[in-house]
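What follows is a short report on a single structure.
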Amino acid sequence: MNTTLCAGCPDTVIIIMPDGPPYTAGDVLTCSSNGYPAPTYEWTVDGNPGSTTNTQVIEEGDHEYVCTATVTFDNGEMCSDSATVNVTGYSKYQKQYCKTVLITDLMCIHKSSMNIYTLFTFMYQGRSINKFQTAPFHQFLE
13 MNTTLCAGCP
23 DTVIIIMPDG
33 PPYTAGDVLT
43 CSSNGYPAPT
53 YEWTVDGNPG
63 STTNTQVIEE
73 GDHEYVCTAT
83 VTFDNGEMCS
93 DSATVNVTGY
103 SKYQKQYCKT
113 VLITDLMCIH
123 KSSMNIYTLF
133 TFMYQGRSIN
143 KFQTAPFHQF
153 LE
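Per the numbering used here, residue 13 is the first one in the sequence shown, and the count goes up by one each step.
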């Protein structure tokens, strides 16, 4: 019986993202590749050494993550391929509380009463909250 072993360089490197975006610092990126023998993995984060496994923890802030899969043959020769992703990792508080709020106001001066009428409208997650204020004009001049 003859057995033939085929050696192969990784020709596909995939970085599997966690659920998101947004991503929280501490979430994990997973690198997957083909090749024979099984590849080893090395990560860089903004060009600096990262994990030496197939997973990399997302750090807080904007970062470039590169996963390189390398196959080393019995004769010592190597070949590799890599994949890159750019990820923003938010702290758990930023992810939870980072919301967009739109504030508009309308200010009118009533001629006969010399009162200022102000209507503030806050838009938050599709809901509108109105706040109405009245004040005598002379308060703004003091």
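Think of the CB as a built atom: it goes at the ideal place given N, C-alpha and C, for glycine as much as any other residue.
Give the straight-line distance between the Cα atoms of Glu76 and Ala50, rounded to the nearest whole angstrom. Numbered from its first residue, the sequence shown carries residue 76 at position 64. Numbered from its first residue, the sequence shown carries residue 50 at position 38. Those two C-alpha atoms are separated by around 25 Å.
Given Ile28, which residues of its chain have a CB within under 8 Å of its CB, disregarding the five upstream and five downstream residues? Translated into positions along the sequence shown, residue 28 becomes position 16. Counting only Cβ-Cβ distances below 8 Å, and skipping sequence neighbours, we find Leu41, Thr42, Cys43 and Ser44.
Return the Cβ separation of Val25 and Asp86 in integer angstroms, given the expectation that the two are a contact with Cβ distance under 8 Å. Residue 25 sits at position 13 when you count from the first residue of the sequence shown. Residue 86 sits at position 74 when you count from the first residue of the sequence shown. Actually they do not touch by this definition, with Cβ atoms about 22 Å apart.
For Thr65, which residues of its own chain have a beta-carbon under 8 Å away from its beta-carbon, when the five flanking residues on both sides are left out? Numbered from 1 along the sequence shown, position 53 holds the residue referred to as residue 65. Once the five neighbours on either side are set aside, the close Cβ partners of Thr65 are Tyr53.
Short of 7 Å in beta carbon distance, which residues of its chain neighbour Glu71, apart from the five on each side in sequence? Order them along the chain. To locate residue 71, count along the sequence shown from 1; it is residue 59. Once the five neighbours on either side are set aside, the close Cβ partners of Glu71 are Ala37, Val57 and Gly101.
Spatial neighbours of Thr67 in its chain, beta-carbon cut-off 8 Å, leaving aside the 5 residues before and after: Here residue 67 refers to the residue found at position 55 of the sequence shown. So the qualifying residues of the chain are Val40, Leu41, Thr42 and Cys43.
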